[in-house]
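Have a look at the structure below before the remarks.
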Amino acid sequence: QFLAFSSTLIAMFALRALFFVIEDMVNYFDLLQYGLCLILVFIGLQLIFAPYLQLPASSLCVLIGAVFVVCILGSRIKHRGEE
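Just so it is clear: in the sequence shown, position 45 is 35 by our numbering, and no numbers are missing.
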């Protein structure tokens, strides 16, 4: 029970700090807000279809990382085109 409480407490503090980091990143990279939306929709669909479909954790991490990279690179390319 102590382990569950302490891990929840640490996750709450880390998540709060992470929100500020992501907010700054969204302000810096224009397309990142759409990437975050896509990630949240994918996670929601995964939760809905969890009884029927099991995806390995490694593929989910790769997908989330790929969405972040594509959105950040797309934002950089978009800003280069505007200059």
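We treat Cβ as the ideally placed atom computed from N, Cα and C, and that holds for glycine.
Bear in mind the structure is a predicted one, so any value in this text is a computation, not a measurement.
Check	Outcome
Buried versus exposed call for Ser(-3) [16 or more other C-beta atoms within 10 Å across all chains shown]	exposed
With 16 other Cβ atoms within 10 Å as the buried cut-off, status of Leu22	buried
Leu62 to Asp20 span [Cα, whole Å]	It should be noted that the sequence gives Ile, not Leu, for residue 62. In a straight line, the C-alpha of Ile62 is about 8 Å away from that of Asp20.
Rounded separation between Val11 and Phe39 - CA only	30 Å
Exposure label - Gly25; buried when at least 16 CB within 10 Å	buried
Where the alpha helix (DSSP H) containing Phe39 begins and where it ends	Per DSSP, Phe39 belongs to no alpha helix (DSSP H) and is neither H nor E.
Endpoints, alpha helix (DSSP H) assigned at Leu45	It is not in any alpha helix (DSSP H) - Leu45 carries neither H nor E in the DSSP assignment.
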